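These notes concern the structure reproduced below.
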């Protein structure tokens, strides 16, 4: 089965966290509440689950499928699933399960062995080809940070973007020199490719070059990020800067931490403070933040008038 390649992600695409019950089970009721709240914002185009913010690799296959199916029933926007399997055949099987559960597209993670060892030329292209041809799942190219060995050079990005089935890219290169030189080439060579920033901590710099955002940050400040996207598309730097500055204490409290993975814990604490989640339970290997960190997050949300 081949799905629609014309999904419009030109706006905000939050990556919801996965709520858990106090005893550690996936809390589908809480996820439906979060998803419904997010999808209720007019310019939210999709919800992207089972990625880093969603602790997707910490879920069993059965939990992943149930999460896709239940959220799809709860919201009126497309649900996009993170595809994280290590080998190509494993990723294809994961993509087939996602399609059967109702996912409309896949955010394709690199094979995680590449993070340490790098990838062979042509291997990423084959991963995307197999997922689309064998599972029928439209693909979002995921550009990892420049600091990792799973980051794709420009030629690899261009080749993946030109493949059938690839309709968007989520770019998190986190190297502004590469961003400034590579994004214009991607845009020129693939004018139909939707370009989405996932630079939660560098949104202002990337806002003027993109069609939208695909960010965990969308969990806690959807209205503000929608305002930021509109300012970027209007090339209104002053308006974009005003949103950025208002959110900067939140950005620092959530993302300027020792590890980017701590951002998931911080997002849950922020959602608890905003009254969207009842508690901030995470699944190992994530670890709860301190009471002092929680208070910092609350104060940052207050300073940005989010609570």
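Residue numbers (the working numbering): -9 to 297. Don't be surprised by glycine CBs; every beta carbon is placed ideally from N, CA and C. Everything numeric in this text was worked out from a predicted model, so none of it was measured.
Inset, instruction - Indicate the three-state DSSP secondary structure (helix, strand or coil) for residue 113 in the structure shown. - result: helix
Inset, instruction - Could you name the residues of the same chain whose beta carbon sits closer than 6 angstroms to that of residue 47, not counting the 5 residues immediately before and after it, in chain order? - result: 74
Legend entry - Selected residue, minimal CA-CA separation from residue 144, among 167, 193, 258: 167
Inset, instruction - Just mark residue 147 as buried or exposed, buried being the case when its beta carbon has 16 or more other beta carbons within 10 Å. - result: buried
Legend entry - Proximity winner among 139, 99, 274, relative to residue 251 (alpha-carbon distances): 274
Inset, instruction - Pick out the complete beta strand (DSSP E) segments inside the stretch 201 to 261, 3 residues or longer, and give them in chain order. - result: 202 to 205
Inset, instruction - Determine the DSSP secondary structure at residue 280, reduced to helix, strand or coil. - result: coil
Inset, instruction - Check the DSSP bridge columns for residue 10 and list the partner residues they point to. - result: 16
Legend entry - Presumed contact (8 angstroms Cβ cut-off) between residue 55 and residue 91, rounded CB distance: 5 angstroms
Inset, instruction - Along the alpha helix (DSSP H) that carries residue 54, what are the first and last residues, could you check? - result: 51 to 64
Legend entry - First through last residue of the alpha helix (DSSP H) which encompasses residue 144: 144 to 151
Inset, instruction - Kindly list the residues whose CB is nearer than 8 angstroms to the CB of residue 133, restricted to its own chain and excluding five residues on each side of it in sequence; keep chain order. - result: 141, 142, 147, 159, 160, 161, 162, 163
Inset, instruction - Count the other CB atoms, across all protein chains shown, that sit within 10 Å of the CB of residue 112; report buried if there are 16 or more and exposed otherwise. - result: exposed
Legend entry - residue 295 classed as buried or exposed, judged by whether at least 16 other C-beta atoms fall within 10 angstroms: exposed
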